[in-house]
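> As you go down the protein sequences, you meet chains P and H in turn.
Sequential numbering of the first sequence, starting at 1, is according to UniProt numbering.
Sequential numbering of the second sequence, starting at 1, is according to UniProt numbering.
We put the beta carbon where it would ideally sit given N, CA and C, even for glycine.
2 protein chains.
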Amino acid sequence: MAKEGTEMTEETEHMIEKNGAKETETVVSAGDAKEMRAVILSGFGGLNKLRVTKKAMPEPQEGEVKIRVKACGLNFLDLMVRQGNIDSPPKTPLVPGFECSGIVEAMGENTKGFEIGDRVMAFVNYNAWAEVVCTPLDYVYNMPDDMTFPEAAAFSMNFVAAYMMLFEVANLREGMSVLVHSAGGGVGQAVAQLCSTIPSVTVFGMASSFKHEAIKDSVTHLFDRNIDYVQEVKKISPEGVDIVLDCLSGENTGKGLGLLRPLGTYILYGSSNMVTGETKSFFSLAKSWWQVEKVNPIKLYEENKVIAGFSLLNLLFKQGRCGQVKTVVEKLFSLYNQKKIKPVVDSLWALEEVKEAMQRIHDRGNIGKLILDVEKSPTPLVNNRRIFGFEKHSGHSRDSCLRE
Amino acid sequence: MAKEGTEMTEETEHMIEKNGAKETETVVSAGDAKEMRAVILSGFGGLNKLRVTKKAMPEPQEGEVKIRVKACGLNFLDLMVRQGNIDSPPKTPLVPGFECSGIVEAMGENTKGFEIGDRVMAFVNYNAWAEVVCTPLDYVYNMPDDMTFPEAAAFSMNFVAAYMMLFEVANLREGMSVLVHSAGGGVGQAVAQLCSTIPSVTVFGMASSFKHEAIKDSVTHLFDRNIDYVQEVKKISPEGVDIVLDCLSGENTGKGLGLLRPLGTYILYGSSNMVTGETKSFFSLAKSWWQVEKVNPIKLYEENKVIAGFSLLNLLFKQGRCGQVKTVVEKLFSLYNQKKIKPVVDSLWALEEVKEAMQRIHDRGNIGKLILDVEKSPTPLVNNRRIFGFEKHSGHSRDSCLRE
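(1) Below 9 Å between beta carbons is the criterion; list the residues of the region 291-315 of chain P that meet it against any residue of chain H, in chain order.
(2) Cα separation between P:N252 and H:F114?
(3) Using the Cβ count rule (16 or more neighbours within 10 Å means buried), how would you classify P:D145?
(4) So does the region 43-53 of chain H actually touch the region 98-108 of chain H, counting three or more Cβ pairs closer than 8 Å?
(5) Alpha carbon to alpha carbon, how far is P:K369 from P:K305? Give it in angstroms, no decimals.
(6) Does the separation of the CB atoms of H:A161 and H:S101 fall below 7 Å?
(7) Which chain H residues sit within Cβ distance under 8 Å of P:P136?
(8) Secondary structure at H:E356, three-state DSSP: helix, strand or coil?
(9) So is P:E353 buried or exposed if we call it buried at 16+ other beta carbons inside 10 Å?
(10) Which residue from P:V241, P:G256 and P:P297 puts its Cα closest to that of H:Y266?
(11) Where does P:A67 land, buried or exposed, given buried means 16+ other C-beta within 10 angstroms?
(12) What does the alpha-carbon distance come out to for the pair P:I86 and H:V81?
(13) Using the C-alpha atoms, what's the distance from H:V69 back to H:F149?
(14) What's the C-alpha gap between H:R119 and H:L268?
(15) What are the partner residues of P:A56, as DSSP defines its beta bridges?
(16) Measure the CB-CB distance between P:G240 and P:L263 and report whether it falls below 7 Å.
(17) Any beta carbon of chain H sitting closer than 7 Å to that of P:L268?
(18) To the nearest angstrom, how far is the alpha carbon of H:G46 from that of H:L194?
(19) Using DSSP bridges, identify the partner residues of H:P136.
(20) Taking 7 Å as the limit between beta carbons, can you name the residues of its chain near P:K280, skipping five residues before and five after?
(21) Helix, strand or coil for P:N142? Go by DSSP, reduced to three states.
(22) Pull up the distance between the alpha-carbon of P:S218 and that of H:L166, whole angstroms please.
(23) List the residues of chain P whose Cβ lies closer than 8 Å to the Cβ of H:Q231, in chain order.
(24) Determine the chain P residues that contact H:P262 at a beta-carbon separation under 9 Å, and present them in chain order.
(25) Measuring alpha carbon to alpha carbon, tell me which residue in P:P378, P:V95 and P:P58 is nearest P:S42.
(26) Do we get a CB-CB distance below 7 Å when we pair P:E25 with the residues of chain H?
(27) I need the straight-line Cα distance from P:S208 to P:N142, nearest angstrom please.
(28) Tell me, please, whether the CB atom of P:T253 is closer than 7 Å to any CB atom in chain H?
(29) Between the region 373-380 of chain H and the region 334-353 of chain H, are three or more C-beta pairs nearer than 8 Å?
(30) Just the C-alpha distance for P:V328 and H:F317, rounded to the nearest angstrom, thanks.
(31) Of all the CB atoms in chain A, is at least one closer than 7 Å to the CB of P:D118?
(32) In chain order, what residues of the same chain have a beta carbon less than 7 Å from the beta carbon of P:I361, not counting five sequence neighbours either side?
(33) Please work out which residues of its chain come closer than 8 Å, Cβ to Cβ, to P:E293, disregarding the five sequence neighbours upstream and downstream, and give them in chain order.
(34) So with Cβ pairs under 7 Å, would you call H:D87 a contact of chain P?
(35) Quick check on the DSSP output: the alpha helix (DSSP H) that includes residue 462 of chain H runs from which residue to which?
(36) Among residues of its own chain, excluding the 5 on either side of P:I236, which ones have a beta-carbon nearer than 8 Å to its beta-carbon?
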């Protein structure tokens, strides 16, 4: 496990540079059929636990699809996995990543439903950040013709989660209001777009000020991340909101419940507050994860309120709800084809740039989704640092030349 | 407040007889325009706190409708009110009752929307158990032509609650499964009927054995009240159910959450376990009400579960959601007119028989709704006891000759 201590930021930055310099050496050719490149997490901890290495080429078992990966999605959850700050973490070393897009290269024995060459989007229970992935049939979907690979990798987790929370857990209808933390993130942008498919839905969103210009059209009322959002929402809507989507957890649960109108629904779908900085001990964070305020059902009864938790990964990989997710994906692809929704891609990164990408999502520098582009070459190092074409600004990137 | 102690049952039975004998003397003529008969709760406590008395005739304020009451609904909640075992109980003496049906007799100044003589169903914030009721316009609905007054009084609370829980909180859809405690009660029967309007919904219900014959057609799987329902449901559906409707509270919250399938919803809509017997101190019960097991949002997140509370009275009278309820009532009346739903009336009682009616609901002797029929004369006393035509059997009535 990673070292604790206040020195970790410095150490981590050092590791980025050092490992960044090394990475170009460890890059292997994609042409070798017995091996493939993959991002490896050697143990739980800081960014220094990540590296790109060769791995044996996976072959599909019965019921599985082998995919030549083009793009992978990077989620806040991947940071929590890296820190081991999740419920029953798997053993390391492991290949992180839960979603990808690519081309079908082979099928397991007696496995039907896809043709070699099909363009697909897929969920994977780890192992997505690699050149080749094998995953069961039920987790693979043919992509719409117009969808790019980065879009597909940006689509799966965020849009499915946003859709299921809004329409299957919370029952979003005309005239309702929705509060979303991290309005600029992948889920936040998916939520905003899906809300716009229903008439007269008001979206309250929080985002760092530097993102406001870029996302202001997708959110009705945009607040700065650091303000007292409870007070601000109440100024505009004294009765509160119908749906609160919270990926922060901690004290925000109580605040979110307090903001609900009667029959409103609070949904906890993450706990990014538990990853407050590389400088903090993640043991203390794991502890606070379990110290979230508990809810009295009688209070819900008196106030006519609903509280829900939503974890797409558990739904898919622990609870076997692929069928329900498939139905949702079909509805979402239909909305995509009607041009009602479109994934926002923040930036594309080579596998070797995974640490910089993780730092960017950690710093909340992204607007929309970060994508690992498997075929991309790493941006060259200048004085042991990569020059990404966007300016670093108090830990945030002002803009991204890589955004689509 | 009522006396505590194990002797209360005996005392209460004594009071029923004594007061029963008195009641015929206190009955006043309905013809007197300055006064009306009403059930009065003189203080919180046992059945002996209830009596029928004269009260000043109420007159409608601006925005109110004056209704000549024909029938009133009796709910388990009325027992809890009688015991003072509710959140912020009002001051006594008071006239209990939250729903009635009748004929519009007058309207307040500048109040439009009804004609004198209209047959209406109404919600009232207390004061329903009387010959005449005034209530704001927003709580009054024109009844369907085919609906009887007892049906209307049996309809309002139970069907609106059942509908909102199933369709607005829990999002019931084809193929889902629902567990309802007290399947034989007013809400239970409404839930069963509404579930039958959606294809392939499985209803698991609990009821005392003597009710099984009468309600077996409305429930897919019927269990005896005293069995381990968690085990029985899991035998039939190992994955659990999609919706749990719990009016019992206490340890059933944990059991209900445990029985939920992924994305399932547990709804607490009452706490009848808190009224376990006239012999128990309701101070200790009020205490246990607040000691319901609390829920960790993180657990909901990991298990993809939803927990909700539903209180129709708070929604109507504290949270001002009349508009939403009106839409629901319209949908329900349409289902009634299509003969897809029909309130089950257990029995009709004179105002003077309110104690016996309450005892019956307390003993869970009812199948469907107990109705106070304002125009009904009390069943004559024989040896200081009323003879109701149904046999008393271990605290339950086997059947009711009064059922519609």
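The answer reads as follows:
(1) The residues in question are V292, E293, K294, V295, N296, P297, I298, K299, L300, Y301, E302, E303, N304, K305, V306, I307, A308, G309, F310, S311, L312, N314 and L315.
(2) Between P:N252 and H:F114, the C-alpha separation is close to 47 Å.
(3) exposed
(4) no
(5) 32 Å
(6) no
(7) Going along chain H, no residue has its Cβ under 8 Å from P:P136, so there is no contact; the nearest lies around 18 Å.
(8) helix
(9) buried
(10) The shortest C-alpha separation from H:Y266 is found at P:P297.
(11) The residue asked about is misnamed: residue 67 of chain P is Ile in this sequence, not Ala. The residue is buried, with at least 16 neighbouring Cβ atoms inside 10 Å.
(12) Distance between the alpha carbons of P:I86 and H:V81 is about 46 Å.
(13) 9 Å
(14) 33 Å
(15) P:E35
(16) no
(17) Using a CB distance cut-off of 7 Å, P:L268 counts as an interface residue toward chain H.
(18) 35 Å
(19) When beta bridges are read from the DSSP output, H:P136 appears opposite H:E64.
(20) For P:K280, the predicted model reports a pLDDT of 46, less than 50, meaning its position is unreliable and no value from the coordinates is stated.
(21) strand
(22) 32 Å
(23) Here the premise fails: no neighbours, minimum Cβ distance about 21 Å.
(24) N314, L315, K318, Q319, G320, R321 and Q324
(25) P:V95
(26) Note that P:E25 scores 37 on pLDDT, short of 50, meaning its location in the model is unreliable and no value can be drawn from it.
(27) 35 Å
(28) Look at P:T253: its C-beta is under 7 Å from a C-beta on chain H.
(29) yes
(30) If I take the Cα positions, the gap works out to 38 Å.
(31) No chain A is present in this structure, whose protein chains are P and H.
(32) L74, F76, L79 and L370
(33) E251, T253 and G254
(34) Closer than 7 Å: yes.
(35) Outside the shown range of chain H, which is 1 to 404, sits residue 462 of chain H, and nothing can be said about it.
(36) F204 and H221
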